[in-house]
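*Asks:*
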Amino acid sequence: RRAMLMFDGIHYDVLVEHKTGQDEGSSSVEEVRNFDLSDEEALAGCVALVKGLHDAKQFTDVGSFSLKCMVCGMGLKGAKEAQEHAEKTGHQNFAENT
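Under this note's numbering, the letters of the sequence shown match residues 2 to 99, in that order.
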């Protein structure tokens with residue numbers, strides 16, 4: 002068995018397949034989080050999903066994203082500057098600056 006994970010530059014998400022009930026008229030939905038190692042269709046679906054999200058730029062580039070220190074308001078670029086600012090000041094509350 003295997004689980005599928007997706008990393009967006011900040012955190013991991015478990016990929017889940019939703020399967021509807023097999024009985025006629027059933028509206029139940031089952032969440033599948035573990036897949037057989039031989040399930041090539043599930044693997045191909047996950048790869049296609051991740052490729053589509055990547056092509057649509059649905060990820061965070063931690064090297065160049067804009068951040069704001071929520072303690073002092075300083076603007077920062079990328080995780081490296083945020084880490085340096087945190088080490089220098091002790092500030093640890095950052096938000097993405099859009």
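Note that beta-carbon positions come from the ideal geometry of N, C-alpha and C, so glycine has one too.
For clarity, every value in this text was computed on a predicted model and none was experimentally measured.
Touch check for the stretch 69-79 and the stretch 88-98: three-plus C-beta pairs under 8 Å?
*Replies:* Verdict: yes, contact present.
*Asks:* In whole angstroms, give me the CA-to-CA distance for H12 and G22.
*Replies:* Working through the sequence shown from its first residue, we reach residue 12 at position 11. Working through the sequence shown from its first residue, we reach residue 22 at position 21. Going from the Cα of H12 to the Cα of G22 covers about 31 Å.
*Asks:* Touch check for the stretch 52-65 and the stretch 28-42: three-plus C-beta pairs under 8 Å?
*Replies:* no
*Asks:* So T90 is in the alpha helix (DSSP H); what residue range does that whole segment cover?
*Replies:* In the sequence shown, the residue the question calls residue 90 occupies position 89. Counting along the chain, the alpha helix (DSSP H) containing T90 begins and ends at 79-90.
*Asks:* Given V51, which residues of its chain have a CB within under 7 Å of its CB, disregarding the five upstream and five downstream residues?
*Replies:* Here the question's residue 51 lines up with position 50 in the sequence shown. Around V51: M7.
*Asks:* Between the alpha carbons of V33 and G74, how many angstroms are there, rounded?
*Replies:* Against the sequence shown, residue 33 aligns to sequence position 32. Against the sequence shown, residue 74 aligns to sequence position 73. For V33 and G74, the distance between alpha carbons rounds to 43 Å.
*Asks:* Please classify H19 as buried or exposed, where buried requires at least 16 other C-beta atoms within 10 Å of its C-beta.
*Replies:* In the sequence shown, residue 19 corresponds to position 18, counting from 1. Label assigned to H19: exposed.
*Asks:* Span of the beta strand (DSSP E) holding C70?
*Replies:* Here residue 70 corresponds to residue number 69 of the sequence shown, with the count starting at 1. Looking at the DSSP string, the run of the beta strand (DSSP E) that includes C70 is 67-70.
*Asks:* May I ask you to list the residues that DSSP assigns as paired with E42?
*Replies:* Within the sequence shown, numbered from 1, the residue matching residue 42 stands at position 41. DSSP output for E42 lists no bridge partner at all.
*Asks:* Please classify L16: does DSSP put it in a helix, a strand, or coil?
*Replies:* Walking along the sequence shown from the start, residue 16 turns up at place 15. Looking at L16 - three-state DSSP - the assignment turns out to be coil, as it is neither helix nor strand.
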